[in-house]
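K.L.:
Here it is, the structure in full.
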Amino acid sequence: MTAAECPINPETTSPLQQLRNALFSRLDELDRAFLIVDDIDSFSTAECLLLERELSLLSAQGLKVLMTSRIRYVKTVPVNTFCDSCSGSESSYLDIYWKCSHCQGTGVKSDIVHTLCRRCKETRKPCGRCGHTENFVEPYTQVELRLDDKTLSLGQFISRDLELEHGDLGLQSTKEPKPPRSKLGRSLSDVPNKEAIEQLQERISQQADGNIALALLRLGNLHKLQTAEAALSPLADVLPSNIVAFFHAGIDNIKRQPAAERDLGLKVIAAVARCDFLAGIPYEVVHRVIRKSPKTLRTHLPARIQSAPAVPTTTRTETEDLVALSHLTHHSLEEMLYAARGFLVTGGSSRQPLRAYCEAFYTYVQEDYNEALAESRSHLDFGGVNPEELGGSGGGQERGRGTLADGKGGRNSGGTSLRGLAGRCRRTHIHREIVC
């Protein structure tokens, strides 16, 4: 019996069950169905638990789900997977791959079943054992991907946005209809300004740090300008008001967490301002500094972060370092990353350094744009921490309170938030034609 054939009594069925049954019925009618859940970090813990339960049920009915998040999803230690059809010099670790289902069905051990990368599958490379080309399938139900310049072209995205807003700039970014050139578009297209477009693309890309939401906010500011000179003027030493509003909204999400998670999230974010942005602050140092903070029970966390040791897909040497430490440190590290709601990332070395997910957010924290973070930082005690334990980063300089470009103090500024694509996405039964 399919979900659509299950008896439904509207008088005794809850609204949630009625919605679930309606979705099940619709999925039974479709050959393929996709759902994108963007910015899951903005949901509360309870909402995440409910959403993941419902998505699990829908996934069993054939729904393909893509979720984006800045929070690193915790997963088991990955198996190093390579393409068996690529030459040694071309082969690299694979996040997405296909294995020969014919060989798997005949009892061949999984670790020696022929594996293909996307390019080799699309060129119909045969299985080295059975010679088939049609029986390759993805052998997993979910996969975590890092969304950055390696998996999506942020430069192409910026070019397209510029041309759809300011007209044909000669970037050949899209075949979509373009508007007449704006005043800024005409200025950028002048012969003396030919290099201006490339400089703008590079600047926005660097400012965005691989994050689409930040790129959109920077582009939004650029669209208000009218000349190439204004667009290429030296950067102000303050964060734009829309970037500050974006970060404010994220911190507000942290503040809405249960008290223990809220306190942990704010303190661990505040701690990163103590060190250099790139070097970060070692996990063990953060753990000691805030060890007296209330701990969040793991049973309160969504299922996706209650699994085995967290090890990101990385190089072999870095993976070996992380595997060696994963069973000792991953619990508290998970709690810190989750409580910070994706605003922190961890490096792939044995030091487990924590740092801000982008330099703009590091500036936001260090220059006290947010009152709650500034207060949390004032309660951190780094006494007894040897400077050498900070990885030679020395420590962030204490600078004055930041002010916005409109002259208002950062912590008093309002603004609306923007839900953007996050740093990572998890793909559950996702079809290869989905592009994020």
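Every letter in the sequence shown is one number past the one before it in full-length UniProt numbering, and letter 273, counting from 1, is 273.
All C-beta atoms in this analysis are idealised placements derived from N, C-alpha and C, irrespective of residue type, glycine included.
Note that the structure is predicted; figures quoted are calculated from it, not measured.
#1: Residues in its own chain within less than 6 Å of G62 by CB, not counting five upstream and five downstream?
#2: Please work out which residues of its chain come closer than 6 Å, Cβ to Cβ, to S101, disregarding the five sequence neighbours upstream and downstream, and give them in chain order.
#3: From this set, E195, A270, V244 and P258, which residue's C-alpha is nearest L232's C-alpha?
#4: Mind the definition here: the region 270-281 touches the region 361-375 only if three or more C-beta pairs lie below 8 Å; say whether that holds.
#5: Just to confirm my understanding: we take K125, look at its own chain, exclude 5 residues before and 5 after, and list those with CB closer than 8 Å. What are they?
#6: If contacts are defined as beta-carbon pairs under 8 Å, then H287 and S332 qualify, I think. What distance do you get, rounded to the angstrom?
#7: Is the beta carbon of D381 less than 8 Å from the beta carbon of V289?
#8: Taking the alpha helix (DSSP H) that Q104 belongs to, which residues open and close that run?
#9: Tell me whether F247, by its Cβ, gets closer than 7 Å to a heavy atom of the ligand ATP.
#10: With 16 as the cutoff for other CB atoms within 10 Å, does H330 come out buried or exposed?
#11: Kindly indicate which three-state DSSP category I36 falls into: helix, strand or coil?
#12: Between the C-alpha atoms of L219 and R146, what's the straight-line distance to the nearest angstrom?
#13: According to DSSP, P387 sits in a beta bridge with which residue or residues?
#14: Does the distance from the C-beta atom of D95 to that of G342 stay below 8 Å?
#15: Which partner residues of R355 appear in the DSSP bridge assignment?
#16: Would you mind giving the Cβ-Cβ distance between I251 and L373, rounded to the nearest angstrom? I have them listed as a contact below 8 Å.
#17: Going by Cα to Cα distance, which pick from G383, P258 and L266 is closest to A46?
#18: Express the C-alpha separation of D161 and R186 in angstroms, rounding to a whole number.
#19: In the structure shown, what three-state DSSP assignment does L19 receive?
#20: Identify whether S44 lies in helix, strand or coil by the three-state DSSP scheme.
#21: Whose CA, out of Y140, P139 and K99, lies closest to the CA of G131?
#22: Answer yes or no: do Q226 and G155 have a C-beta to C-beta separation smaller than 8 Å?
#23: Give me the Cβ distance between I36 and L66, rounded to the nearest whole Å; I'm assuming they're in contact under 8 Å.
#24: For A339, count neighbouring C-beta atoms within 10 Å of its own C-beta (all shown protein chains included) and say buried if the count is 16 or more, exposed if not.
#25: Would you decide whether Q18 is buried or exposed? Buried here means 16 or more other CB atoms lie within 10 Å of its CB.
#26: Round the Cβ separation of V113 and C120 to the nearest angstrom and send it over; I've been treating them as touching at under 8 Å.
#27: L380 by DSSP, collapsed to three states: which one?
#28: If you follow the alpha helix (DSSP H) that E367 is in, where does it begin and where does it stop?
#29: Whose CA, out of E359, K64, R291 and Y357, lies closest to the CA of D263?
#30: Candidates Q142, L57 and L58: which alpha carbon is nearest Y97's?
#31: Whole angstroms is fine: what's the gap from G128's alpha carbon to G105's?
#32: Mind checking which residues open and close the beta strand (DSSP E) that includes Q142?
#33: Under 8 Å, do A215 and I158 count as touching if we go by C-beta distance?
#34: What three-state label does DSSP hand V238 in the structure shown?
#35: Beta-carbon separation of E246 and L217 under 8 Å?
P.N.:
For this structure:
#1: Looking up residue 62 in the sequence shown gives position 62. The residues are L27.
#2: In the sequence shown, residue 101 corresponds to position 101, counting from 1. Excluding residues within five positions, the ones whose Cβ falls inside 6 Å are N135 and V137.
#3: Here residue 232 is taken as the residue at index 232 of the sequence shown, counted from 1. For L232, the nearest C-alpha among the options comes from E195.
#4: yes
#5: Your numbering for residue 125 matches position 125 in the sequence shown. Answer for K125: S85, L116 and T133, listed in chain order.
#6: Residue mapping note: residue 287 aligns to position 287 of the sequence shown, counting from 1. Residue mapping note: residue 332 aligns to position 332 of the sequence shown, counting from 1. That pair is a contact at about 6 Å.
#7: Against the sequence shown, residue 381 aligns to sequence position 381. Against the sequence shown, residue 289 aligns to sequence position 289. Yes; because the gap between Cβ atoms is below 8 Å, this pair is in contact.
#8: On the sequence shown, residue 104 is found 104 positions in, with the first residue counted as 1. Where Q104 is concerned, the enclosing alpha helix (DSSP H) stretches over S101 to G105.
#9: The model on display carries no ligand, and the ligand ATP is accordingly not part of it.
#10: Position 330 of the sequence shown, counted from the first residue, corresponds to residue 330. Because H330 carries a pLDDT of 40, less than 50, the predicted location of this residue cannot be relied on, and the following value inherits that uncertainty. Buried, by the Cβ-count rule.
#11: For the purposes of this step, residue 36 is identified with residue 36 of the sequence shown, where counting begins at 1. Note: I36 maps to strand in three-state DSSP.
#12: Position 219 of the sequence shown, counting from 1, holds the residue named residue 219. Position 146 of the sequence shown, counting from 1, holds the residue named residue 146. Approximately 23 Å, taken between the alpha carbons.
#13: On the sequence shown, residue 387 is found 387 positions in, with the first residue counted as 1. According to DSSP, which records beta bridges pairwise, P387 is partnered with nothing at all.
#14: Position 95 of the sequence shown holds residue 95. Position 342 of the sequence shown holds residue 342. No, Cβ-Cβ distance for D95 and G342 is not below 8 Å.
#15: Here residue 355 is taken as the residue at index 355 of the sequence shown, counted from 1. In the DSSP output, where bridge partners are listed per residue, R355 has V345.
#16: Mapped onto the sequence shown, residue 251 falls at position 251. Mapped onto the sequence shown, residue 373 falls at position 373. At roughly 7 Å, the Cβ-Cβ gap stays under 8 Å, so I251 and L373 are in contact.
#17: As a position in the sequence shown, residue 46 is number 46, starting the count at 1. Checking every option, the nearest Cα to that of A46 belongs to P258.
#18: For the purposes of this step, residue 186 is taken as residue 186 along the sequence shown, with counting starting at 1. For the purposes of this step, residue 161 is taken as residue 161 along the sequence shown, with counting starting at 1. In a straight line, the C-alpha of R186 is about 16 Å away from that of D161.
#19: Taking the sequence shown and counting its residues from 1, the one referred to as residue 19 is at position 19. In this structure, L19 counts as helix in the three-state DSSP scheme.
#20: Numbered from its first residue, the sequence shown carries residue 44 at position 44. S44 falls in the coil class under three-state DSSP.
#21: In the sequence shown, counting from the first residue as 1, residue 131 sits at position 131. The shortest Cα separation from G131 among Y140, P139 and K99 belongs to K99.
#22: Residue mapping note: residue 226 aligns to position 226 of the sequence shown, counting from 1. Residue mapping note: residue 155 aligns to position 155 of the sequence shown, counting from 1. The answer is no: Cβ separation not under 8 Å.
#23: On the sequence shown, residue 36 is found 36 positions in, with the first residue counted as 1. On the sequence shown, residue 66 is found 66 positions in, with the first residue counted as 1. Yes, they are in contact, since the Cβ atoms of I36 and L66 sit about 5 Å apart, within 8 Å.
#24: Within the sequence shown, numbered from 1, the residue matching residue 339 stands at position 339. Burial call: buried.
#25: For the purposes of this step, residue 18 is taken as residue 18 along the sequence shown, with counting starting at 1. By the neighbour-count rule (16 or more Cβ atoms within 10 Å), Q18 is not buried but exposed.
#26: By one-based count along the sequence shown, residue 113 stands at place 113. By one-based count along the sequence shown, residue 120 stands at place 120. The Cβ separation is near 14 Å, so there is no contact.
#27: On the sequence shown, residue 380 is found 380 positions in, with the first residue counted as 1. In the structure shown, L380 sits in coil (DSSP, three-state: anything other than H, G, I, E or B).
#28: Walking along the sequence shown from the start, residue 367 turns up at place 367. Here E367 belongs to no alpha helix (DSSP H), and DSSP marks it neither H nor E.
#29: By 1-based counting over the sequence shown, the position of residue 263 is 263. The shortest C-alpha separation from D263 is found at R291.
#30: Taking the sequence shown and counting its residues from 1, the one referred to as residue 97 is at position 97. Ranking the options by Cα distance to Y97, first place goes to Q142.
#31: Position 128 of the sequence shown, counted from the start, is the residue given in the question as residue 128. Position 105 of the sequence shown, counted from the start, is the residue given in the question as residue 105. Rounded to whole angstroms, G128 to G105 spans 15 Å at the Cα level.
#32: The count along the sequence shown starts at 1 and reaches residue 142 at position 142. First-last of the beta strand (DSSP E) with Q142: Q142 to R146.
#33: As a first step, residue 215 is located in the sequence shown; it is residue number 215 there, counting from the start. As a first step, residue 158 is located in the sequence shown; it is residue number 158 there, counting from the start. Cβ atoms of A215 and I158: closer than 8 Å.
#34: If you number the sequence shown from 1, residue 238 lands on position 238. If DSSP states are grouped into helix, strand and coil, V238 belongs with coil.
#35: Counting from 1 along the sequence shown, the entry for residue 246 is found at position 246. Counting from 1 along the sequence shown, the entry for residue 217 is found at position 217. In the sequence as presented, Glu is not what sits at residue 246; that position holds Phe. Yes.
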